[in-house]
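J.:
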Amino acid sequence: MVEIVFSIPEKVSEYLVDPVVRQLGYLFHYHTNIDDLSEKVEKLRNFRASHQHSVNEAKRNGHESEDGVSKWLTRADGFIQDASKFLEDEEAARKSCFNGLCPNLLSRHRISREATKKVGVAAQIHGDGFQIKRVSYRPPLHKIRSAPSKALPSRLVALNQVMEALKDANINRIGVWGLGGVGKSTLVKQVAEQAASQEKLFDKVLTASVLQTPDFKRIQGELADMLGMKLDEESEKGRATRLHQRMKDEKTILVILDDLWAELDLDKIGIPSPADHHKGCKFLLTSRNRDVLSNQMGTQKDFRVEHLKEDEALILFEKGVGDSINNNPDLESIAMDIAKECAGLPLAIATLAKALKNKSESIWKDALQQLKRPTSTNITGVGEKVFSSLKLSYNYLEGYEVKSFFLLCGLYPANYINSRDLLKYGVGLRLFQGTNTLEEAKNRMDALVDNLKASNLLLETGQNAVLRMHDVVRNTARKIASKEYHHVLTFQKGVRVEEWPKMDELHVK
């Protein structure tokens, strides 16, 4: 009974007195609540800006923001805007009443109560922001896709044949072979696009160029980039193990290895195979030599990429010269003969077409005469007609400087060219005319690179620091250098330019 008597005042206080005190507190602590909200909004604004800076930096590095971060930023943004508007309205109301000298108590109660609620929301959002451990992630790289173009009939047949082989559950190693410059790399790029995006046959499609002297670290890096992973291991074996583990996580995967010259040890790179109980892993390999594919790499089905027929060669040539023929119909018969002289090799056709684009009829006729002129060449893998067409493309480069730069690229020992090394050699040889500083030389080199890419004599790699020259073009450049300068110099890896020439001497004499 006594307990009941004592509990009655407590209940009265709980249900009557406390709520009254709390409501009066909104009036007594009005300025404190407003100042507290203003401080919380400012802290949240600075915290949000910090996260935004991290997201912006990540985007500049090619990373993508985590979905949770984007949602938090949006939530914080919305609250900051709402709270800022609330504080602005409160200040305007206070000033309209003689700066608070004649307050409206009901209005103050409502505003103070709302400010207290918003302080709690600000604290919640701020706390959620602290829980964010990572703002971004490194997405897998995707191959740069060129604008779609209508495939030539013979190439469309080859494309469909390879696609059918990829769909065959009993085939996991497919080969594509043919002469250098015949279009093997272009074909497998089309296969990669169709397999990954259009037909979605594989969860992942990875591509890497092997080349005549395989660089295992580079190949591993190219594959890892497309998987969105970073290989931190120093040893080749450690990188291979890491790559192998990651690739086995993919249920279905297509690995395209382009330009094999000899047997390649897949285990050394870290590529799994059906023998590793990875039934979903298939290979598409290209080479100039069918024996490399079938005998050394164990391909189960091989497809040969043939030279283009005369009508297809003409179509490709006309596409390369743009509106030149439409603007001058007399060029059509010359175009047919030029395309025929390129021996059906797409590399030679496309390169020469770019060289003759927007040129006069007399230059076209001169080009045809030079193509028909007998040429002696002993370049491995480069026939006389191919050499003649590529030599013509070189002749049509405008200026001694760009021609010298082309030959310099051809003297590099590998298909991939380090632009930093190229800059050092070019400066050392005083190649870049009219440049007085290293920065000016770098800008001139970039302009020359763009010129050669536009002429199809250098290839895109997707990396500014690395250039690439097709080995058929490189061999042609060396032949030109040996004929015109009677010797060929080749650069070796590890050779350093120990002394820079004086800047006032950086010009061609």
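Read in order, the letters of the sequence shown are residues 14 to 522 in this note's numbering.
Glycine is no exception: its CB is placed at the ideal position from the N, C-alpha and C atoms.
Only a predicted model underlies this, so the values are computations on that prediction, with no experimental measurement involved.
#1: Please identify the residue among Leu327, Ile187, Arg259, Ile138 whose C-alpha is closest to the C-alpha of Pro166.
#2: Assuming the contact rule is C-beta atoms closer than 8 Å, Val87 and Val201 should be a hit. Round their C-beta distance to whole Å, please.
#3: For Val132, collect the residues of the same chain with a Cβ closer than 6 Å to its Cβ; drop the 5 residues on either side in sequence, then sort them by chain order.
#4: Can you grab the Cα-Cα spacing for the pair Asp262 / Leu236, in whole Å?
#5: If you check the beta carbons only, do Ser417 and Leu444 fall under 8 Å apart?
#6: Can you check whether the CB of Val334 is closer than 8 Å to the CB of Ala380?
#7: Just the C-alpha distance for Gln207 and Ala221, rounded to the nearest angstrom, thanks.
#8: Just verifying my parser: in three-state terms, what is the DSSP assignment at Asp272?
#9: Whole angstroms are fine: how far does the CA of Gly193 sit from the CA of Gly394?
#10: For Gly91 versus Ile145, is the C-beta distance shorter than 8 Å?
#11: In whole angstroms, give me the CA-to-CA distance for Asn477 and Asn464.
#12: So if DSSP puts Val415 in a beta bridge, which residue, or which two residues, is it bridged to?
#13: To the nearest angstrom, how far is it from the Cα of Leu461 to the Cα of Gly293?
#14: From Ser210, Phe419, Ala454, Trp377, pick the residue whose C-alpha is nearest to that of Met349; which is it?
#15: What whole-angstrom Cβ distance do Ser120 and Ala106 have, given they're in contact under 8 Å?
#16: I need the straight-line Cα distance from Glu77 to Arg255, nearest angstrom please.
#17: Per the contact definition of three or more C-beta pairs closer than 8 Å, is the region 309–319 in contact with the region 183–191?
#18: List the whole-angstrom C-beta distance separating Asp271 from Ser198, where the pair is believed to meet the contact cut-off of C-beta under 8 Å.
#19: Considering only DSSP beta bridges, list what Leu480 is partnered with.
#20: What whole-angstrom Cβ distance do Gly357 and Leu384 have, given they're in contact under 8 Å?
#21: According to DSSP, is Gly191 helix, strand or coil?
#22: Is DSSP giving Gly394 helix, strand or coil here?
#23: Could you tell me the boundaries of the beta strand (DSSP E) in which Leu297 lies?
#24: I need the DSSP call for Asp315, collapsed to helix, strand or coil.
#25: Give the range of the beta strand (DSSP E) segment to which Val218 is assigned.
#26: Is Val521 helix, strand or coil by DSSP?
#27: Between Ser361 and Phe229, what straight-line distance do the alpha-carbon atoms span, to the nearest angstrom?
#28: For Glu246, collect the residues of the same chain with a Cβ closer than 7 Å to its Cβ; drop the 5 residues on either side in sequence, then sort them by chain order.
T.: Considering the structure as presented:
#1: Leu327
#2: A small correction: the amino acid at residue 87 is Thr; Val does not occupy that position in the sequence shown. At roughly 42 Å, the Cβ-Cβ gap does not stay under 8 Å, so Thr87 and Val201 are not in contact.
#3: Asp49, Leu50, Lys53
#4: 14 Å
#5: yes
#6: no
#7: 17 Å
#8: strand
#9: Any reading at Gly394 needs caution, since the residue's pLDDT is 49, under 50, leaving its predicted position unreliable; the model's value is listed next. So the alpha carbons of these two residues sit roughly 7 Å apart.
#10: no
#11: 15 Å
#12: Secondary-structure assignment with DSSP links Val415 through no beta bridge to anything.
#13: 44 Å
#14: Looking at the Cα atoms, Trp377 is the closest of the given residues.
#15: 7 Å
#16: 23 Å
#17: yes
#18: That pair is a contact at about 5 Å.
#19: Ile430
#20: Between Leu384 and Gly357 the Cβ distance is about 13 Å, and since that is not below 8 Å, they are no contact.
#21: Coil, per DSSP.
#22: Because the pLDDT of Gly394 is 49, which lies under 50, any placement of that residue in the model is unreliable, and the question is left without a value.
#23: Taken as a continuous stretch (DSSP letters only), the beta strand (DSSP E) holding Leu297 covers 294–300.
#24: Looking at Asp315 - three-state DSSP - the assignment turns out to be strand.
#25: Judged by DSSP secondary structure, Val218 falls within the beta strand (DSSP E) whose first and last residues are 217–222.
#26: Reliability fails at Val521, whose pLDDT of 34 lies under 50, so the model's placement of it is uncertain and the value that follows must be treated cautiously. Residue state, collapsed to three classes: coil.
#27: The amino acid at residue 361 is misidentified as Ser; the sequence shows Ala. Roughly 30 Å separates the two Cα atoms.
#28: Answer for Glu246: Arg252, Arg255, listed in chain order.
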